[in-house]
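Single-structure report; data block below.
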Amino acid sequence: MNLFYSYLPFLLFAFVASITPGPTNILILTSSQRFGIKATLPAVVSACVAASLIVFISGAGAGEVLRSYPLVREVMSWAGALWLSWLSWQLFTAPAADLQGEAQRPFSGRAAAMLQLINPKTWMMALAVVSLFAPHGAHPLREVSLLSLWFLLISLLCLSAWTLLGKAVNRLFRTTTSLLWFQRVMALCLLFSAWAGFLGA
């Protein structure tokens, strides 16, 4: 029980970081709404595994490159924003027929993992984890591994909730037109999340 309480601040941080809206959450929700839960699960698992791997890599020291070399962070930011902009355009212009389940291209596991790997927000979150909850014991690598595992479990629960929410959307918006408008709103949210970091700079 004492071990649980010692990790409670980290668990709360991981929950907030994983449940709050962001590019991955929006794409997971939209994929679930359009293609179903089963087709979206590979993206959920891949995104969570990639994020927890980034936490581990950052804890092992590689994440310091982003702090030491701002140009690398800048290039990643632009690459991520441009790719997300392209995805938002694809989502915005997808035909209404796709909403009836005839399309064959849900958000893939590979795309979800790539999104996490090139997303500087994910790396900054991982560095925050390491800065706030850095292990100080005799076995730091083992403790970082444990933090990564906890983060994986929390993020799986949170993204699964977004997946279920995506299916619930179809019960709220029952016509093709309303689903199409929902899809376009999600596309605009994705575009905003892609450039929010630049707007706030």
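FYI, the numbering for the sequence shown is 588 to 788, going by the working numbering.
Each residue gets a CB set at the ideal place from its N, CA and C atoms; glycine is no exception.
Since the structure is predicted, the reported quantities are computational estimates derived from the model, not experimental observations.
Counting of Cβ neighbours within 10 angstroms places P596 among the exposed residues, the total staying below 16. In summary, V772 is exposed, with fewer than 16 beta-carbon neighbours lying within 10 Å of its beta-carbon over all protein chains present. In this structure, S645 is the residue among S645, M701 and N612 with its C-alpha nearest to the C-alpha of E730. Taken in chain order, the complete alpha helix (DSSP H) segments of 4 or more residues contained in the region 601 to 677 are 610 to 622, 624 to 646 and 651 to 655.
In this chain, R692 is not harboured by any alpha helix (DSSP H), its DSSP state being neither H nor E. Counting C-beta atoms within 10 angstroms of its own C-beta, P657 has fewer than 16 neighbours from the protein chains shown and is therefore classed as exposed. In the structure shown, N757 adopts helical secondary structure according to DSSP, grouped into three states. By the criterion of a C-beta distance shorter than 8 Å, V632 is surrounded in its chain by G696 and L743, once the five residues flanking it on both sides are discounted. When rounded, the separation of the alpha-carbon atoms in S780 and L766 is 21 Å.
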